[in-house]
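Here the protein sequences line up with chains A and B, keeping their order.
When we follow this note's numbering, the leftmost residue of the first sequence carries the number 34, and every step to the right adds one.
When we follow this note's numbering, the leftmost residue of the second sequence carries the number 467, and every step to the right adds one.
Where a beta carbon is used, it is the ideal one built from N, C-alpha and C, also for glycine.
Some notes on the structure that comes next.
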Amino acid sequence: MAVSRTLGWVAVALVASGCGNDFVPSVVNTGTAVLTYQAPGTDFGSFSTYAIVTQMAVIDDTTGVPVYTFQPAPEIIGAVERNMNSRGFVLVARIDPENPPVVPVDADLAINVSVFTGTDYAFVPCDYWSWWGVPGYGCDKPWEWVAYRVGTLLVEMGDLAHPQPGPVIPRLWAGAGYSVLTPENARNVQIAVGAIDQAFLQSPYLVTP
Amino acid sequence: MTRALSRAATFVALAASLLAARPARAEAYLDDWHPYETYWAVGWSAAVPMTSLRSNFISNTGWLGGGFDIRIGVVGRLAVGVNGTWNWFDQTISSLTVQQGQLTFTGPVYRSLGAFTALATVHYYFTQSAVQPFVGVGLGGVWFSTLQQTVNRPQNTSTSGLAVAPEVGFLFNVAQRLGLYLSGRYQFNMTTIPGVKNPQWACGQAGLAYYF
């Protein structure tokens with residue numbers, strides 16, 4: 034009788050301890066990582082030229098309302114250009130995102146660079162601008178919205194070669210570097226450049242003859 | 467010299483007596499007097515992932531696991547019964563590239579796999595001695611839940627399928643109606659989890675059994 038009672042308690046303990054829990058390490062939640070998105074069915078070989086911003090948009094959502102400013106980021110934008118050029122794309126225009134032209138320039142692709150510096154989780158809003166500037170090239174293409182973190186660098190590529198009705202520029206590709214531009218990270222620029230290189234490395238389809 | 471020889475002889479005799487020792491009153495499971503005895507056991511199960519489960523999803527040993535067995539003798543030293551086993555695997559990979567639909571991700575990845583297996587079992591005990599070697603096989607169902615998390619993007623899946631699990635082991639009769647078991651089990655699961663067809667693992671199992 035005593036033995037069966039003991040066995041019963043052992044069984045209860047086993048069941049109680051048996052519920053597996055996921056303890057996701059902080060390195061997964063807060064570590065540096067690179068995410069890329071490719072619009073379905075896009076043939077990047079059909080594009081040959083691109084335009085890129087001269088400044089990086091800085092998005093601070095600390096107050097709950099995103100505040101956009103711009104700052105030069107020559108190493109980061111240079112890394113995007115270096116990768117694009119090595120894939121065969123030709124740079125034809127540089128755009129100041131603070132004072133963009135009224136109509137899109139004559140290029141196949143538009144590239145925007147931005148970073149999230151807010152302390153809260155932020156989501157890229159769907160309130161696209163007319164054709165340039167802060168993130169959000171419209172929502173007509175499938176786009177799985179992801180939660181960005183503080184220090185997330187976002188490189189977006191829009192389709193200028195196939196104008197859409199209305200102020201919409203379809204997003205063809207995006208690369209997000211998580212936690213690569215955090216204020217406390219002294220090597221942030223190098224990490225950001227490494228994230229851009231990784232974004233292109235894991236996008237071998239991003240090439241034109 | 468004589469004293470040394472005497473000490474050596476004593477040591478050899480003691481070792482021999484330990485090796486030849488049998489529990490004084492321990493009875494074997496399914497002995498001639500109890501052919502229809504029931505067997506109740508709980509124990510620990512540690513599992514080592516194999517084949518594509520190891521190469522494509524998780525390579526870490528799942529140290530967390532446990533299960534129970536209920537058996538009853540039916541004829542000779544043959545017993546039929548049921549088994550429930552739960553195994554848990556998890557692993558953090560520092561950098562991995564994974565595809566998630568239109569998204570490609572490179573960075574640290576956390577993966578976990580929980581499996582609950584319910585089997586109908588048949589076991590045969592070769593002897594009626596203090597140490598009873600046995601073989602068995604189980605057939606039943608398995609239920610999986612998996613998690614793959616990249617940054618703040620968890621991906622959960624769950625699935626189920628058939629499971630086949632042959633087993634070999636030893637039952638050590640240590641006291642009246644009480645035994646300790648040690649066994650190895652291979653489990654083949656007929657289902658698919660992300661990136662893995664027919665996940666398989668080998669388990670080491672140990673526990674306490676009571677029979678009456």
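Within-7 Å CB hit, residue i to chain A
i: residue 573 of chain B; result: yes
i: residue 548 of chain B; result: no
i: residue 634 of chain B; result: no
i: residue 563 of chain B; result: yes
i: residue 646 of chain B; result: no
i: residue 570 of chain B; result: yes
i: residue 558 of chain B; result: yes
i: residue 490 of chain B; result: Legend: pLDDT at residue 490 of chain B = 43, less than 50; position of this residue unreliable, no value from coordinates given.
Residue-chain proximity (residue i, chain B), Cβ-Cβ < 7 Å
i: residue 51 of chain A; result: With a pLDDT of 47 at residue 51 of chain A, under the threshold of 50, the modelled position of that residue is not reliable, and no figure is offered here.
i: residue 191 of chain A; result: no
i: residue 223 of chain A; result: no
i: residue 207 of chain A; result: no
i: residue 210 of chain A; result: no
i: residue 213 of chain A; result: no
i: residue 240 of chain A; result: no
i: residue 146 of chain A; result: no
i: residue 226 of chain A; result: no
i: residue 188 of chain A; result: no
Residue range of the alpha helix (DSSP H) that includes residue i
i: residue 120 of chain A; result: Element bounds for residue 120 of chain A: n/a, residue is neither H nor E.
i: residue 265 of chain A; result: Residue 265 of chain A is absent from the model: chain A starts at 34 and stops at 242.
i: residue 146 of chain A; result: Where residue 146 of chain A is concerned, there is no enclosing alpha helix (DSSP H), although the beta strand (DSSP E) it sits in stretches over 142–149.
i: residue 517 of chain B; result: 517–522
Contact set between residue i and chain B, taken where Cβ atoms lie within less than 7 Å
i: residue 57 of chain A; result: 576, 615
i: residue 197 of chain A; result: Result: empty, since nearest Cβ-Cβ is about 19 Å, beyond 7 Å.
i: residue 235 of chain A; result: 563, 570, 572
i: residue 113 of chain A; result: By Cβ distance, chain B contributes nothing, its closest Cβ being about 17 Å from residue 113 of chain A, past 7 Å.
i: residue 64 of chain A; result: 573, 574
First through last residue of the beta strand (DSSP E) which encompasses residue i
i: residue 102 of chain A; result: 100–104
i: residue 209 of chain A; result: 204–211
i: residue 131 of chain A; result: From DSSP, residue 131 of chain A is part of no beta strand (DSSP E); its letter is neither H nor E.
i: residue 57 of chain A; result: Residue 57 of chain A -> no beta strand (DSSP E), and no H or E assigned at all.
i: residue 193 of chain A; result: Unbroken run through residue 193 of chain A: none, as it is neither H nor E.
Where residue i meets chain B, residues with beta-carbon distance less than 8 Å
i: residue 231 of chain A; result: 572
i: residue 60 of chain A; result: 558, 560, 574
Proximal chain A residues relative to residue i, where beta-carbon distance stays under 9 Å
i: residue 655 of chain B; result: Simply none; closest approach about 17 Å.
i: residue 664 of chain B; result: Those do not exist, as residue 664 of chain B stays about 22 Å from chain A at its closest Cβ, beyond 9 Å.
i: residue 639 of chain B; result: Neighbours of residue 639 of chain B on chain A: none; closest Cβ ~14 Å, over 9 Å.
i: residue 526 of chain B; result: Simply none; closest approach about 13 Å.
Residue i Cβ short of 6 Å to the ligand NAP heavy atom set
i: residue 563 of chain B; result: This structure lacks the ligand NAP; in fact it carries no ligand of any kind.
Where residue i meets chain A, residues with beta-carbon distance less than 8 Å
i: residue 407 of chain B; result: Outside the displayed range of chain B (467 to 678) lies residue 407 of chain B, so it cannot be described from this structure.
Problem - Members of the region 68–98 of chain A that neighbour chain E once the beta carbon cut-off is set at 8 Å - result: Note that chain E does not occur in the displayed structure, where the protein chains are A and B.
Handout entry: the region 580–598 of chain B in contact with the region 538–550 of chain B per 3-pair CB rule at 8 Å
Key = yes
Exercise for the section: Spell out a yes or no on whether the region 652–665 of chain B and the region 525–538 of chain B are touching, meaning 3 or more CB-CB pairs, one atom from each, closer than 8 Å. Expected result: no
Handout entry: Segments of 3+ residues assigned as beta strand (DSSP E) that fall wholly inside the region 630–673 of chain B
Key = Taking only runs of at least 3 residues, the beta strand (DSSP E) segments lying wholly in the region 630–673 of chain B are 644–656.
Exercise for the section: For the region 95–104 of chain A and the region 62–82 of chain A, state whether three or more C-beta atom pairs, one from each stretch, are separated by less than 8 Å. Expected result: no
Practice task
Would you check if there are 3 or more beta carbon pairs closer than 8 Å linking the region 52–70 of chain A to the region 562–580 of chain B?
Solution key: yes
Exercise for the section: Return the chain-ordered ranges of every alpha helix (DSSP H) run that is complete within the region 62–90 of chain A and spans a minimum of 4 residues. Expected result: Listed in chain order, nothing qualifies, since the region 62–90 of chain A has no complete alpha helix (DSSP H) run of 4 or more residues.
Handout entry: Length at least 4, wholly inside the region 495–574 of chain B: the alpha helix (DSSP H) runs in chain order
Key = If you keep only unbroken alpha helix (DSSP H) runs of at least 4 residues inside the region 495–574 of chain B, you get 517–522.
Handout entry: Any 3 or more C-beta pairs closer than 8 Å across the region 495–512 of chain B and the region 628–635 of chain B
Key = no
Practice task
Could you name each continuous beta strand (DSSP E) segment of 3 residues or more that falls completely within the region 580–621 of chain B, going from the start of the chain to the end?
Solution key: The region 580–621 of chain B contains, as complete beta strand (DSSP E) runs of 3+ residues, the segments 597–616 (chain order).
Practice task
Specify whether the region 603–623 of chain B and the region 638–645 of chain B touch according to this definition: at least 3 beta carbon pairs, one from each stretch, less than 8 Å apart.
Solution key: no
Handout entry: Three CB pairs or more closer than 8 Å across the region 135–142 of chain A and the region 185–196 of chain A
Key = yes
Exercise for the section: Determine contact between the region 219–239 of chain A and the region 85–95 of chain A, defined as no fewer than three beta-carbon pairs at a distance below 8 Å. Expected result: no
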